[in-house]
Structures are given as structure tokens and as C-alpha cells.
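First up is the structure itself, then whatever we jot down about it.
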Amino acid sequence: MDKVKVSRRALFQRLNRALAKSGLILKKSRATKYSSQYGEYYAVDVHANVIRRRDVNLGRLGRRNGVLASWERLERRPRRLARLEPDRG
88 MDKVKVSRRA LFQRLNRALA KSGLILKKSR ATKYSSQYGE YYAVDVHANV IRRRDVNLGR
148 LGRRNGVLAS WERLERRPRR LARLEPDRG
């Protein structure tokens, strides 16, 4: 049986609703310099204004918090196309 695909955005929103109960919020790094420091996703404690978790794995955290069911799977990222180099001939 095929599993139902869940987009990263949908899982991100589900997790934020679940984590809000414990005073946490997920953030997504925008700049490359921050993603190398904190990972693509990180969790912030809204009360203390500090980063509590770095390099958050959405799929794993979703399963742990019960927001990603056993019949669902995180949608894979599309492969990035290699940049086309201009012909120099």
C-alpha cells in the first residue's frame, strides 16, 4: 500500500501547532550562513528566546510528536537541476 505524501510545509505547520503547547516554535533558515550554523530547521523557545534544537529532522520529529501518521510519509525534495553552463565555443 502506498503511503500518503505530506509536504514539508504541511508537516512544518503541524509541528508548530504541536510544539506551541510546550512553548517551542520551528524556524526555517533562510540564509546559507544560518543553515550551516543551525541547520535547515531549528526550534526556538519562545519564552526564553533561545534556540533549543538545531538540525531538526522534520520526519523524525513528526513521528515522535504524533503529527505524521504511520500511513503518511514526508514528500521528497525535488532534485535540483545542475546549472547550465553557457557554451564557450
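Quick note, the sequence shown lines up with residues 88 to 176 if you use the numbering used here. No residue lacks a Cβ here, since even glycine has one placed at the ideal position from N, Cα and C. Just so you know, these numbers come straight off a predicted model, no measurement behind them.
Could you check if TYR130 is buried or exposed, using at least 16 other CB atoms within 10 Å of its CB as the buried criterion? In the sequence as presented, Tyr is not what sits at residue 130; that position holds Ala. Under this definition ALA130 is a buried residue.
Verify whether the separation of the beta carbon atoms of VAL93 and LEU155 is less than 8 Å. Less than 8 Å divides the Cβ of VAL93 from the Cβ of LEU155.
Is the separation between the beta-carbon of GLU127 and that of SER109 shorter than 8 Å? By the CB criterion at 8 Å, GLU127 and SER109 fall outside the cutoff.
Note the first and the last residue of the continuous alpha helix (DSSP H) segment covering ARG147. Run containing ARG147: 145–151, per the alpha helix (DSSP H) assignment.
When you compare only the Cα positions, how much space is there between ASN103 and ASP132? Taking the straight line joining both Cα atoms gives about 12 Å.
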